[in-house]
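Asks: So for the sequence shown, the working numbering puts the first residue at 5; every next one is plus one. The structure that follows is given in the form of structure tokens.
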Amino acid sequence: MERELDAESAQLREDLDSFEVKSLLRGPDDYRDAQLEISAGAGGTEAQDWAQMLMRMYTRWAERRGFEVSILDESEGEEAGIKGAVLEIRGQYAYGFLRPETGVHRLVRISPFDANARRHTSFASVFVYPVVNEEINIDIRDEDLKIDVYRASGAGGQHVNKTSSAVRITHMPTGTVVASQQERSQFKNKSTAMKMLKNKLYQAEIERREAHKAALDATKSDVSFGSQIRSYVFQPYTMVNDHRTELKIPDVQKVMDGGIDPFIEAYLKQGGGSTTAAA
């Protein structure tokens, strides 16, 4: 009976912790799937092997959560490991959970590729993007439009010049203005102008998203010493140390098998969950 109560109590604590962590995922993109990009840093084969180890770690983490993993791109190393890879991880709040993993990850170990068995330090970068729907839906509400009709100017025949067939549409939320006067029919000119407006708004949205992605890319750190968010030490002792939260876990193999949740939770509880990013 006592064991059953202990098990129920442990499960309750786990459920409460899970609820607390999810409550910290307040970013507008946190609910989305994640695109995870891993790149080997300087260090040749050793760094490329480390990048592959990280790829396995994140794959194991995702599988343990029941998430789906697809390899979108992978560049193999010359001798071993990978130069880089891009994974898509699909699951509820995948981006929110993985966002704290963005940064440089440092490995310290006796290199299996060194004939003299010397200790090596290697780096790899991890960057996480939210997966957004490639199809951008442009919703244009009638109440956001100001439509003016006027007489066309220039050549076009007597009818075009004497009737108010030209159409100018102003999209008031963005200030975008389009006009069409090529057709004799006001209906056709309006249809053409609406198509022009949708194209302009679509392009503006593409540019906004590209600017947002460029801003995210600008936060990438150099893959080198001093910029790491976490160190994984295999020798002379075993320890995984997150330099942002100072959380340390001595069981490095458990972490490499996907046990990174304590680091994610510590970062979110420290305030990393309040970060927002526009979609």
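By construction, the Cβ of each residue, glycine as well, lies at the ideal position given by its N, Cα and C atoms.
Considering P266, what are the terminal residues of the beta strand (DSSP E) in which it resides?
Replies: From DSSP, P266 is part of no beta strand (DSSP E) but of the alpha helix (DSSP H) over D265 to Q274.
Asks: Just checking my contact of L102 with L58 at CB under 8 Å: how many whole Å lie between their CB atoms?
Replies: At roughly 12 Å, the Cβ-Cβ gap does not stay under 8 Å, so L102 and L58 are not in contact.
Asks: List the endpoints of the continuous alpha helix (DSSP H) containing G100.
Replies: Unbroken alpha helix (DSSP H) run through G100: A98 to L102.
Asks: Where do the N-terminal and C-terminal ends of the alpha helix (DSSP H) with H216 fall, by residue?
Replies: Element bounds for H216: Q190 to D221.
Asks: What residue range is occupied by the uninterrupted beta strand (DSSP E) comprising E3?
Replies: The requested residue 3 does not occur in the structure, where the chain is confined to residues 5 to 283.
Asks: By Cβ distance below 8 Å, which residues in the same chain neighbour T180 in space, the five residues on each side in sequence not counted?
Replies: Only T174, L201, K204, L205 and A208 meet the Cβ criterion.
Asks: Sorted by chain position, which residues of the same chain lie with C-beta nearer than 8 Å to P266's C-beta, five sequence neighbours on each side aside?
Replies: If we look at P266 and ignore the five residues flanking it on each side, its Cβ neighbours are L251 and I253.
Asks: Between which two residues does the alpha helix (DSSP H) harbouring Q186 extend?
Replies: Careful: Q186 lies outside any alpha helix (DSSP H) and carries neither H nor E.
Asks: Would you tell me roughly how many angstroms separate the C-alpha atoms of R123 and V112, rounded to the nearest one?
Replies: Approximately 7 Å between the Cα atoms of the pair.
Asks: From N245, F238 and Y241, pick the residue whose C-alpha is nearest to that of Q232; which is it?
Replies: Minimum Cα distance to Q232 is reached at N245.
Asks: Closest to Y97 by C-alpha separation, out of K26, K199, A119 and V171, would be which residue?
Replies: Considering only alpha carbons, the answer is K26.
Asks: Measuring only the C-alpha atoms, how far is W54 from M243?
Replies: In a straight line, the C-alpha of W54 is about 16 Å away from that of M243.
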